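A.B. asks: Please find one structure pasted underneath; my questions will follow.
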Amino acid sequence: MPSDLAVLRERLAARVGEENVTADGAPYAVDGMVPALVVRPGTQHEVSEVVAACAEARAALVPWGGGTAMAMGNPPRRLDVVVRLERLDRVVEFDPDNLCITVEAGMPLGRLQALVAERRERLPLDPPDADRVTLGGLVAANQSGPCRLLHGTARDWVLGLRVVLPDGTRIHCGGRVIKNVSGYDMNKLFIQSFGTLGIITEVTVKLLPMPVCRATVLGAFTGFAEAAAVLEEVQASFLLPEALELLDPAAADLLQPVLGLASRGTFTLVAGFSGSQSTVDRQVRDLEAMVASRAGHAKTFREAESDQAWTAITNVQGGGAPDPKRVVCQLAVPIARTASMLASARTRAAAQGLAATVTAHAGSGLVCAALLPGDDLTEAGALAGLAAVTEALREEAVGVGGSLVLLQAPPRFKARVEAWGKPGSSFATMRRIKAEFDPQDLCSPGRFLGGM
Amino acid sequence: MSNKVLVQELRRVVGEANVIDSDVHLQLYQYDAYLEERRPDAVVFVHSTEEVSRVLKLCHAHGVPSVPRGGGTNLSGGTIPFKGGVVLEMIRMNRLLEVDKGNLRARVQPGMFNLELGQALAPLGYQYLPDPASQKAATLGGNVAENSGGPHCFKYGVTTNHVAGMTVVLSDGEIVELGGMAPDTPGYDLTGVFVGSEGTFGVCTEVVVRIVRQAEGVKTMLAIYDSIEKGSETVSAIVAAGMVPATLEMMDQLVIHAVEKSLACGLPLDCATVLIIEVDGLKDDLEEQTEAIVRLCMEHGAREVRVAKDEAERALLWAGRRGAFGAVARITPSYLVCDGTVPRTTLPLVLKKVAEVGEKYDLKIPNVFHAGDGNLHPLILFDWRDAEQKARVMKAGMEILELCVQLGGTISGEHGVGLEKMDAMHLILSAEDIQAQLKVKRAFDPADLANPGKIFPAAQEVSHAQ
Ligand SMILES: Cc1cc2nc3c(=O)[nH]c(=O)nc-3n(C[C@H](O)[C@H](O)[C@H](O)COP(=O)(O)OP(=O)(O)OC[C@H]3O[C@@H](n4cnc5c(N)ncnc54)[C@H](O)[C@@H]3O)c2cc1C
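Quick note, the sequences are listed as chains A and B, same order. Anchor point for the first sequence: position 166 equals 555 in our numbering, and the numbering is continuous, going up by one each time. Anchor point for the second sequence: position 108 equals 124 in our numbering, and the numbering is continuous, going up by one each time.
Okay, structure coming up:
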């Protein structure tokens with residue numbers, strides 16, 4: 390514990406103003422742990438002052454962007470100060486001619502997209518909850534969405550970062566050019582570092598020109614096998630979908646109001662296409678034919694309707710307040726295992742009497758399973774069932790070289806099931822990195838892999 | 017430890033024939049495609065991850081540094097054993113271990129040449145996208161270590177965007193797995209951190225790369241200009257029009273002359289510059305895209321745009337581009353390749369300024385480069401026997417890098433820092449930035465035995481840093 394939080398509070402207030410420091414930590418609890426102080430620095434310089442003051446007081450801190458990934462990770466070992474970044478939401482430089490923008494880390498993704506759209510550009514990263522996700526949070530938690538199939542993840546779009554290290558030192562990584570090997574690729578260190586190596590205060594990303602045309606094709610199948618077969622066929626073809634999602638019947642039903650599928654309870658494959666009119670038309674035609682050949686029901690949305698469909702699909706697993714009983718996990722497996730992993734999650738959940746909603750970034754090897762215990766189960770029974778399914782799924786994923794990560798789970802569940810799984814052979818190196826950057830173990834202590 | 021003892025012990029680990037230490041042989045390992053030389057104490061041919069581990073354990077026990085060497089084509093002195101010690105010759109670890117089409121991955125040993133991988137994948141209908149111009153002689157291990165780019169990077173990204181995982185042996189002999197076949201491995205992205213570490217974090221002994229289907233179609237164009245400004249303006253115009261060609265490469269007149277002299281690709285000798293533009297993807301709109309690009313080129317002052325009619329014509333254009341460095345090497349005793357990067361829209365300006373630097377120092381500076389990426393390669397021609405000229409070359413090179421930085425760019429786009437640009441690091445990094453990088457170096461290689469003496473300015477060597 391820091392020697393004196395009252396003193397720290399005064400110091401922070403002296404730097405960022407009284408109105409930007411509060412002791413009302415309840416809304417910013419992390420896994421039930423309530424911070425003693427919440428501080429809102431207004432500039433990158435202030436972030437560095439805040440972090441330095443915390444370091445001096447040996448106060449443990451957790452950075453907070455849009456709060457969309459705060460349910461991830463292990464419960465923090467300690468938590469004194471939450472550092473909110475919402476006031477760092479300015480554009481530093483937009484250079485549309487070079488397809489590049491620099492913003493402060495608290496800028497919400499949705500706002501950035503609206504801004505660059507005015508110049509017919511976009512950042513092709515589409516995690517759920519785009520209006521809340523901040524650029525800093527997106528980078529720190531390496532959040533992604535369906536579009537990662539064609540466009541990759543943060544590591545493929547971030548050109549530069551500014552970071553405040555755990556002792557308050559400010560550094561920058563990368564730059565604003567698209568090729569850069571001047572020293573180590575430090576951007577990669579901070580992408581997916583989960584707030585354990587400091588606070589990201591500024592992000593430079595490259596952009597893409599907006600596509601002329603967009604379309605979304607749904608293929609609804611009564612059987613899983615048909616959906617999986619069409620998925621494989623698309624993957625082996627020349628088609629270049631931007632996104633390829635597989636929805637289980639529960640997810641498809643949740644989306645029914647938006648997608649308006651002909652029947653309920655179908656396994657639904659969703660492909661997103663973008664590009665020129667002729668390539669989009671051709672791909673829509675090809676996919677519709679593939680769907681029809683497996684007795685599926687195809688439906689196509691275009692342009693604005695296509696965008697609406699994607700927003701709904703992207704957010705089907707999240708949104709709203711986290712259900713205190715729900716466990717959401719993400720399975721990462723080799724691409725060709727994706728569909729079978731989705732099926733397995735359904736089967737295992739059903740066997741334990743859990744309701745499951747399972748979706749997959751089917752071309753990317755990621756399955757998201759939301760598990761909810763039935764009302765008839767006791768709390769202990771529910772926890773046991775959830776843990777059994779999660780552990781079994783983790784074992785299956787690890788068995789094929791993958792992983793299972795908890796995206797959301799009640800603290801009591803996290804006490805039983807590790808949020809990230811067992812670290813591998815590179816863990817000693819990761820620990821050395823953490824120790825080099827954060828020797829006092831003050832930045833998000835314990836939240837990351839292996840309690841790091 | 018004396019050399020003789022070291023060599024004896026190494027022989028015990030890898031066998032008599034796999035260690036060389038004779039003067040004649042060591043001489044072959046004292047240089048690479050850069051200009052410095054330093055002789056190693058021994059060269060060890062390695063054949064497996066376990067063998068690399070045993071060799072490094074031995075080196076670690078005796079405090080002997082080591083440097084992995086692939087094709088030796090890097091242009092920044094990366095393979096020079098600056099502090100002596102052992103050179104690990106990776107070239108025998110050159111097998112393609114697995115092609116997994118369903119999972120879109122291939123597992124490769126690091127000594128395989130980039131082109132060999134391409135040739136193995138092509139008959140299956142797949143490709144590995146990063147394609148450095150040196151692909152015939154550059155290894156995947158070297159590509160990983162340098163985070164190499166290539167002519168197709170504008171659309172497809174550089175090596176780091178295509179490496180999913182690897183097996184690495186750290187300088188103490190420990191074997192670690194980074195990333196893998198599945199995405200988003202929990203923990204820090206050490207794969208991403210390792211790519212581009214120039215052999216200073218450890219030895220990569222196996223790589224998992226992303227493979228993709230070959231494009232359904234491709235169209236290649238040659239746009240010919242009487243003014244270099246017009247050519248570079250077109251590059252920005254194409255991007256501004258919302259197009260993302262696979263390739264936007266540029267060669268100026270001096271390079272064209274050199275290429276024609278040695279390869280005769282049919283490039284016009286009387287033009288100022290040519291752009292090689294390639295579009296690929298689904299065949300449905302390639303004609304459309306080609307027409308639009310031809311129109312843009314003409315609008316921006318091209319004299320003529322030729323569209324390759326068939327694979328043979330396309331191959332000829334590419335032979336010219338890929339052979340450009342080699343062709344230039346035939347018209348000069350030596351040259352220094354600069355590798356600065358700038359925001360694309362500043363290309364016309366930076367090219368003008370590079371020409372001014374040439375005039376100022378009385379040096380010839382032809383240009384061949386990745387225009388879409390804003391990655392310049394001014395080649396400063398000189399004669400290495402002329403010390404005074406060499407000094408001028410070094411100054412001119414530094415001035416070009418400074419120019420790039422002033423225009424918002426950086427000092428290396430794809431060739432790395434190595435020995436060459438250690439002193440230019442301060443142009444783009446603060447003391448704090450450098451200290452942060454050194455923290456990562458120490459985490460991977462606490463004993464500072466992996467390719468020591470590179471990247472960081474001498475005053476900031478690993479052991480001195482705190
Ligand atoms: C004519 C010519 C054209 C070129 N064109 C391009 C281009 O278009 N794009 C581009 O990016 N570069 C280009 N280069 C530069 C060079 O080819 C690349 O840097 C290439 O990736 C180096 O590969 P290599 O096998 O020769 O590596 P080497 O030169 O042998 O080694 C390079 C570095 O990698 C390290 N290393 C090698 N193997 C391993 C391993 N297994 N594990 C860890 N570290 C290792 C070495 O220690 C060294 O620091 C060109 C060079 C030439 C001569």
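The C-beta atom is built at its ideal place from N, Cα and C for all residues, glycine as well. Keep in mind the model is a prediction, meaning the values are calculated, not measured.
Confirm the yes/no value for this check: CB of Pro468 of chain B, any heavy atom of ligand 1, distance under 8 Å.
C.D. replies: If you number the second sequence from 1, residue 468 of chain B lands on position 452. No.
A.B. asks: Would the beta-carbon of His431 of chain B be found less than 8 Å away from any heavy atom of ligand 1?
C.D. replies: For the purposes of this step, residue 431 of chain B is identified with residue 415 of the second sequence, where counting begins at 1. Checking the Cβ of His431 of chain B against ligand 1 gives yes.
A.B. asks: Residues in its own chain within less than 7 Å of Pro834 of chain A by CB, not counting five upstream and five downstream?
C.D. replies: Taking the first residue of the first sequence as 1, we reach residue 834 of chain A at position 445. So the qualifying residues of the chain are Ala449, Pro465, Arg466, Arg467.
A.B. asks: Classify Glu67 of chain B: buried if its beta carbon has 16 or more other beta carbons within 10 angstroms, exposed otherwise.
C.D. replies: In the second sequence, the residue the question calls residue 67 of chain B occupies position 51. So Glu67 of chain B counts as buried.
A.B. asks: Quick check: is the beta carbon of Glu825 of chain A nearer than 9 Å to any beta carbon in chain B?
C.D. replies: Here residue 825 of chain A refers to the residue found at position 436 when the first sequence is read from its first residue. Chain B, which has a Cβ nearer than 9 Å to the Cβ of Glu825 of chain A, makes this yes.
A.B. asks: Taking 8 Å as the cut-off, is the CB of Phe341 of chain B close to at least one heavy atom of ligand 1?
C.D. replies: In the second sequence, counting from the first residue as 1, residue 341 of chain B sits at position 325. At least one heavy atom of ligand 1 is nearer than 8 Å to the Cβ of Phe341 of chain B, so yes.
A.B. asks: When you check each C-beta in the stretch 543-568 of chain A against every C-beta of chain B, which residues fall closer than 9 Å?
C.D. replies: Correct list: Arg544, Asp545, Val552, Leu554, Thr558, Arg559, Ile560, His561, Cys562, Gly563, Gly564, Arg565, Val566, Ile567, Lys568.
A.B. asks: Name the chain A residues that come within less than 7 Å of Ala452 of chain B, Cβ to Cβ?
C.D. replies: Residue 452 of chain B sits at position 436 when you count from the first residue of the second sequence. Here the neighbours are Leu554, Ile560, Met575.
A.B. asks: Note down the Cα distance separating Ala440 of chain B from Ile427 of chain B, rounded to an integer number of angstroms.
C.D. replies: Mapped onto the second sequence, residue 440 of chain B falls at position 424. Mapped onto the second sequence, residue 427 of chain B falls at position 411. Between Ala440 of chain B and Ile427 of chain B, the C-alpha separation is close to 7 Å.
A.B. asks: Which residues does DSSP list as the beta-bridge partners of Thr703 of chain A?
C.D. replies: The residue you call residue 703 of chain A lines up with position 314 of the first sequence. According to DSSP, which records beta bridges pairwise, Thr703 of chain A is partnered with nothing at all.
A.B. asks: Hey, how far is the Cα of Pro394 of chain B from the Cα of Glu114 of chain B?
C.D. replies: On the second sequence, position 378 is the one that residue 394 of chain B refers to. On the second sequence, position 98 is the one that residue 114 of chain B refers to. Those two C-alpha atoms are separated by around 39 Å.
A.B. asks: Check whether the Cβ of Ser695 of chain A lies closer than 8 Å to any heavy atom of ligand 1, and answer yes or no.
C.D. replies: One-based indexing of the first sequence puts residue 695 of chain A at position 306. No.
A.B. asks: Can you check whether the C-beta of Ser278 of chain B is within less than 9 Å of a C-beta belonging to chain A?
C.D. replies: In the second sequence, the residue the question calls residue 278 of chain B occupies position 262. Chain A contact via Cβ: absent.
A.B. asks: How would you label Lys811 of chain A, buried or exposed, when you count the other beta carbons within 10 angstroms and need 16 or more for buried?
C.D. replies: If you number the first sequence from 1, residue 811 of chain A lands on position 422. By the neighbour-count rule (16 or more Cβ atoms within 10 Å), Lys811 of chain A is not buried but exposed.
A.B. asks: His480 of chain B CB to nearest chain A CB: under 9 Å?
C.D. replies: Taking the first residue of the second sequence as position 1, residue 480 of chain B is located at position 464. Bear in mind that the predicted position of His480 of chain B carries a pLDDT of just 36, short of 50, making it unreliable; the figure below should be weighed with that in mind. No, His480 of chain B lies away from the interface with chain A (no Cβ there is under 9 Å from its Cβ).
A.B. asks: Spell out a yes or no on whether the stretch 327-335 of chain B and the stretch 379-398 of chain B are touching, meaning 3 or more CB-CB pairs, one atom from each, closer than 8 Å.
C.D. replies: Not touching, per the Cβ criterion.
A.B. asks: Give me the residue from A:Gly557, A:Arg544, A:Val427 with the minimum Cα distance to Lys577 of chain A.
C.D. replies: On the first sequence, residue 577 of chain A is found 188 positions in, with the first residue counted as 1. Ranking the options by Cα distance to Lys577 of chain A, first place goes to A:Arg544.
A.B. asks: Grouping DSSP H, G and I as helix and E and B as strand, with all else coil, what is Gln581 of chain A?
C.D. replies: What you label residue 581 of chain A is simply residue 192 of the first sequence in a count that begins at 1. Coil at Gln581 of chain A, not helix or strand.
A.B. asks: Can you tell me whether Thr700 of chain A is buried or exposed? The criterion is at least 16 other CB atoms within 10 Å of its CB, across all chains shown.
C.D. replies: Sequence index remark: in the first sequence, residue 700 of chain A carries index 311 (1-based). Counting Cβ neighbours within 10 Å, Thr700 of chain A comes out exposed, since fewer than 16 surround it.
A.B. asks: Who are the near neighbours of His508 of chain B in its chain, counting only those whose CB is closer than 7 Å to its CB and skipping five residues on each side?
C.D. replies: Residue 508 of chain B falls outside the range modelled here, since chain B spans only 17 to 482, and no answer is possible.
A.B. asks: Measuring only from the beta carbon, is Met266 of chain B closer than 8 Å to any heavy atom that is part of ligand 1?
C.D. replies: Within the second sequence, the letter at position 250 stands for residue 266 of chain B. No - ligand 1 has no heavy atom lying nearer than 8 Å to the Cβ of Met266 of chain B.
A.B. asks: Ala161 of chain B: beta carbon under 8 Å from a heavy atom of ligand 1?
C.D. replies: Within the second sequence, residue 161 of chain B is the residue found at index 145, counting from 1. Yes - ligand 1 has a heavy atom lying nearer than 8 Å to the Cβ of Ala161 of chain B.
A.B. asks: Kindly list, in the order they appear in chain A, the residues whose Cβ is closer than 7 Å to that of Met197 of chain B.
C.D. replies: As a position in the second sequence, residue 197 of chain B is number 181, starting the count at 1. Under the 7 Å cutoff, chain A gives Pro723, Gly790.
A.B. asks: Which two residues bound the contiguous alpha helix (DSSP H) that contains Thr207 of chain B?
C.D. replies: Residue 207 of chain B sits at position 191 when you count from the first residue of the second sequence. That run of the alpha helix (DSSP H) goes 206-210.
A.B. asks: Taking the C-alpha atoms as reference points, what is the distance between Leu620 of chain A and Phe662 of chain A?
C.D. replies: Residue 620 of chain A sits at position 231 when you count from the first residue of the first sequence. Residue 662 of chain A sits at position 273 when you count from the first residue of the first sequence. Spanning the two alpha carbons is a distance of roughly 15 Å.
A.B. asks: Counting only beta-carbon atoms, is Pro799 of chain A nearer than 9 Å to chain B?
C.D. replies: As a first step, residue 799 of chain A is located in the first sequence; it is residue number 410 there, counting from the start. No - not a single Cβ of chain B is within 9 Å of the one on Pro799 of chain A.
A.B. asks: To the nearest angstrom, report how far apart Ala614 of chain A and Gly685 of chain A are at their CA atoms.
C.D. replies: Translated into the one-based positions of the first sequence, residue 614 of chain A becomes position 225. Translated into the one-based positions of the first sequence, residue 685 of chain A becomes position 296. Taking the straight line joining both Cα atoms gives about 11 Å.
A.B. asks: Answer yes or no: the CB of Thr155 of chain B versus the heavy atoms of ligand 1, is any distance below 8 Å?
C.D. replies: Position 139 of the second sequence, counted from the start, is the residue given in the question as residue 155 of chain B. Yes.
A.B. asks: Could you have a look at Met819 of chain A and say whether DSSP puts it in helix, strand or coil?
C.D. replies: The residue you call residue 819 of chain A lines up with position 430 of the first sequence. Note: Met819 of chain A maps to helix in three-state DSSP.
A.B. asks: Return the CA-CA distance between Leu548 of chain A and Val40 of chain B, expressed in angstroms with no decimal places.
C.D. replies: Here residue 548 of chain A corresponds to residue number 159 of the first sequence, with the count starting at 1. Here residue 40 of chain B corresponds to residue number 24 of the second sequence, with the count starting at 1. If you take the alpha carbons of Leu548 of chain A and Val40 of chain B, they lie about 45 Å apart.
A.B. asks: Does the beta-carbon of Asp765 of chain A have 16 or more other beta-carbons within 10 angstroms, so that it is buried, or is it exposed?
C.D. replies: Your numbering for residue 765 of chain A matches position 376 in the first sequence. Asp765 of chain A comes out exposed.
A.B. asks: Is any beta-carbon of chain A found at less than 9 Å from that of Asp464 of chain B?
C.D. replies: Residue 464 of chain B sits at position 448 when you count from the first residue of the second sequence. So no, Asp464 of chain B is outside the interface.
A.B. asks: Since I believe Arg322 of chain B is in contact with Met237 of chain B (beta carbons under 8 Å), could you give me their beta-carbon distance rounded to a whole number of angstroms?
C.D. replies: For the purposes of this step, residue 237 of chain B is identified with residue 221 of the second sequence, where counting begins at 1. For the purposes of this step, residue 322 of chain B is identified with residue 306 of the second sequence, where counting begins at 1. Between Arg322 of chain B and Met237 of chain B the Cβ distance is about 7 Å, and since that is below 8 Å, they are a contact.
A.B. asks: Does DSSP put Phe483 of chain A in a helix, in a strand, or in coil?
C.D. replies: Mapped onto the first sequence, residue 483 of chain A falls at position 94. Here Phe483 of chain A sits in strand by DSSP.
A.B. asks: Helix, strand or coil for Ala402 of chain A, going by three-state DSSP, please let me know.
C.D. replies: Position 13 of the first sequence, counted from the first residue, corresponds to residue 402 of chain A. Three-state DSSP puts Ala402 of chain A in a helix.
A.B. asks: Checking contacts by CB at 9 Å: is Arg821 of chain A closer than that to chain B?
C.D. replies: On the first sequence, position 432 is the one that residue 821 of chain A refers to. Chain B contact via Cβ: present.
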